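Step one of this worksheet: look at the structure below.
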Ligand SMILES: Nc1ncnc2c1ncn2[C@@H]1O[C@H](COP(=O)(O)OP(=O)(O)OP(=O)(O)O)[C@@H](O)[C@H]1O
Ligand SMILES: [Mg+2]
């Protein structure tokens, strides 16, 4: 599928012909994709398809075996520790299943990256934390412990923590998981507002088709280790690729396999004939 704007300056992060595997198992095969500046990009695809892996490559937690992973035109895979630290300082991350620190207040959770990465005075930290909590509607909840807030509120605190350092790129891994429809709508709206008001670039991994297609400017579908489609939500919806068709229509059968690769059923269970059903 053609990409609307191919000028390199328009992408804040980019994978160029990236091949990556954990050990022998290849997860991404010659994958090229772009995260356009200033936009909300959704990365979708079947479970186990490598979405979290893409975020880890951009964040420099893993290095590609082949190809380039660019952040602001620099190859993350070639950065030394100091370069990586500096690049990460410009990225915010909401981890999949990323919980708050349960023994820290809401305030201290959001303050955490500021204390880790800066030597700002307590007064400045306080102002920034309250500003971020204000942005997610939770300034009044600053003194509560994570056990005293709801799941939807916790997700909003995690959003505030992800943007604490005023990142240029913010990556959210499944920010909607487990939220009721109202909290999900609130979180989706917040992601949009934060992106636009703060001039961020957003990379969002989500399984929620409707919310994500409504929110995103750009959608990338990963399937079987390759990019199956990328483009506007409308372009991706119109894709005739069988995997994309299965995915956007949430069909249980199609090219996306149900089973994690492993020994054949026959070798694990033995011949089934002769057994009682
Ligand atoms: N640290 C690791 N070591 C070995 N294999 C891993 C590791 N992390 C992930 N994998 C494997 O890589 C594949 C891709 O994982 P990844 O977490 O990127 O998928 P995903 O698209 O984020 O899936 P989900 O939607 O379920 O979160 C999976 O098959 C997983 O088993
Ligand atoms: Mg994942």
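Residue numbers (my numbering): 80 to 356.
Glycine included, C-beta positions come from ideal geometry on N, C-alpha and C.
Model, not experiment: these values are computed from the prediction.
What did DSSP end up calling residue 297 once you bin it into helix, strand or coil?
Residue 297 sits in a strand when the DSSP states are folded into three classes.
Counting pairs of beta carbons, one from the segment 253-268 and one from the segment 94-101, are three or more of them closer than 8 Å?
The segment 253-268 is not in contact with the segment 94-101.
Pull up the distance between the alpha-carbon of residue 341 and that of residue 188, whole angstroms please.
If you take the alpha carbons of residue 341 and residue 188, they lie about 40 Å apart.
Report buried or exposed for residue 261, applying the criterion of at least 16 other Cβ atoms within 10 angstroms of its Cβ.
Exposed, by the Cβ-count rule.
Assign residue 157 to one of two classes, buried (16 or more other C-beta atoms within 10 Å of its C-beta) or exposed (fewer than that).
Label assigned to residue 157: exposed.
Would the C-beta of residue 98 count as close to ligand 1, meaning under 7 Å from any of its heavy atoms?
Judged by the Cβ position, residue 98 fails to qualify as a neighbour of ligand 1 at the 7 Å threshold, every heavy atom of the ligand being at least this far.
Where residue 310 falls: helix, strand or coil (DSSP):
Secondary structure of residue 310 (DSSP, three-state): strand.
For review: beta carbons within less than 7 Å of any heavy atom in ligand 2:
Those residues whose C-beta sits under 7 Å from the nearest heavy atom of ligand 2 are, from N- to C-terminal order along the chain, 130, 131, 175, 252, 253 and 284.
Please determine if the segment 226-235 and the segment 264-281 are in contact, where contact requires at least 3 C-beta pairs separated by less than 8 Å.
They touch, by the three-pair rule.
State yes or no: is the C-beta of residue 124 nearer than 7 Å to some heavy atom of ligand 1?
For ligand 1, at least one heavy atom lies less than 7 Å from the Cβ of residue 124.
Taking the continuous beta strand (DSSP E) assigned at residue 121, which residues delimit it?
Looking at the DSSP string, the run of the beta strand (DSSP E) that includes residue 121 is 119-124.
Consult DSSP for residue 84 and reduce its assignment to one of helix, strand or coil.
With a pLDDT of only 49 at residue 84, under the threshold of 50, the placement of this residue in the model should not be trusted, and no figure is reported.
Stretch-stretch touch, CB-based, cutoff 8 Å, three pairs: the segment 142-150 with the segment 119-129
Below 8 Å, too few C-beta pairs join the segment 142-150 and the segment 119-129 to call them touching: fewer than three.
I'd like the list of long-range same chain contacts for residue 245, defined as Cβ closer than 8 Å, with 5 residues on each side in sequence excluded.
Correct list, in chain order: 277.
Nearest-angstrom Cα distance between residue 182 and residue 222?
Spanning the two alpha carbons is a distance of roughly 12 Å.
Candidates 98, 100 and 122: which alpha carbon is nearest residue 312's?
Among 98, 100 and 122, the Cα nearest to that of residue 312 is on 122.
Rank 315, 326 and 168 by C-alpha distance to the C-alpha of residue 151 and give the top, closest one.
Nearest C-alpha to residue 151: 168.
Which class does residue 228 belong to by DSSP, given the choice of helix, strand or coil?
DSSP places residue 228 in coil when its eight states are reduced to three.
Is it buried or exposed for residue 343, if we count other Cβ within 10 angstroms and need 16 for buried?
Residue 343 comes out exposed.
Per DSSP, which one or two residues make a beta bridge with residue 331?
Beta-bridge annotation (DSSP): residue 331 is not paired with any residue.
Every unbroken alpha helix (DSSP H) inside the segment 214-299 [4 residues or more]
If we require 4 residues or more, the alpha helix (DSSP H) runs fully inside the segment 214-299 come out as 230-241, 260-277 and 288-294.
My output table needs one value for residue 193: the three-state DSSP class, helix, strand or coil.
Residue state, collapsed to three classes: helix.
Quick one: using the 10 Å Cβ neighbour count with 16 as the cut-off for buried, is residue 287 buried or exposed?
Residue 287 is buried by the Cβ-count criterion.
Looking at residue 278 and ligand 1, is the gap between the Cβ and the nearest heavy atom below 7 Å?
Residue 278 has its CB no nearer than 7 Å to any heavy atom of ligand 1.
Count the other C-beta atoms from every protein chain shown that fall within 10 angstroms of the C-beta of residue 297, then say buried if there are 16 or more, exposed otherwise.
The residue is buried, with at least 16 neighbouring Cβ atoms inside 10 Å.
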